[in-house]
Ligand code: UDP
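Spelled out as structure tokens, the structure:
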């Protein structure tokens, strides 16, 4: 099984993204190495499957969050939770109107296990199709933490995808899978972990 990514779709021109969409990746952009490496991983996986008969799986993982992420991970949800809990400004890149669809880690693991146990060798999207703007995620985290941190705008990184949402028809039909944990519940669990467990981990506990 190769752990691929929604990044294979690049800055998508088709929305939501189904597995048949071939993507819109800038090979020479700042995200090009990651995106093309994952696309190549898929290509070589299929070559081994077709040419050598290897039994393969490809999971395209969309944005995922949950406990045990590093507070300095750099991604949106750990950044915002860490900033909200420490009273520092939440750093919104660009105007915050870009969208992501965020899935709780337990849902991802269930999807991965079901794919592994299936006979599906085509790529399968595993992600939560509920889509939020980055600003909405920041506001939800402020509300759920009760933080009074302000929002601070920083420049949008180059080639930051403007929108992302999985079409999970294939996972629904073939794996009987769909996400079970909503953002409110998943974020609360993650915030609780950051408020307690993250501090203990940082202290070596
Ligand atoms: N983002 C943000 N502030 C942060 C971290 C991320 O506004 O402190 C934005 C980022 O520009 C992107 C979105 O949140 O539009 C998701 O970023 P992340 O790095 O989590 O995932 P990816 O861009 O790989 O989907």
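Numbering (the working numbering), first residue to last: 1138 to 1342.
The beta-carbon is built from N, C-alpha and C at its ideal position, and this holds for glycine as well.
This one's a predicted model, so the numbers in the text were calculated from it and none came from an experiment.
If you check the CB distance, residue 1227 and residue 1275 come in under 8 angstroms. Taking C-beta separations shorter than 6 angstroms and ignoring five residues to either side along the sequence, the partners of residue 1162 in its chain run 1147, 1172, following chain order.
Membership of residue 1171 in any beta strand (DSSP E) is not indicated; the residue belongs instead to the alpha helix (DSSP H) covering 1169–1189.
By the Cβ-count criterion, residue 1149 is buried, with 16 or more other Cβ atoms from all chains shown falling within 10 Å of its own Cβ.
Where residue 1251 is concerned, the enclosing alpha helix (DSSP H) starts and stops at 1242–1254.
Excluding the 5 residues flanking it on each side, residue 1260 has same chain C-beta neighbours closer than 6 angstroms at 1156, 1195, 1197, in chain order. Inclusion of residue 1293 in the 7 angstroms shell around the ligand UDP follows from its C-beta lying nearer than that to a non-hydrogen atom of the ligand. A residue is called buried when at least 16 other Cβ atoms come within 10 angstroms of its Cβ; residue 1327 meets this threshold and is buried.
With contacts defined by Cβ atoms closer than 8 angstroms, residue 1302 and residue 1208 do not form a contacting pair.
DSSP places residue 1277 in the helix class (H, G or I) of the three-state scheme. Straight-line spacing of the CA atoms in residue 1298 and residue 1200 works out to 12 angstroms. The beta carbon of residue 1312 sits closer than 8 angstroms to the beta carbons of 1248, 1251, 1252, 1255, 1257, 1261 from its chain, once the five residues preceding and following it are set aside; these are given in chain order. Judged by beta-carbon spacing, residue 1214 lies beyond the 8 angstroms limit of residue 1271, meaning their Cβ atoms are not closer than that value. Residue environment for residue 1181: exposed (fewer than 16 other C-beta atoms within 10 angstroms of its C-beta).
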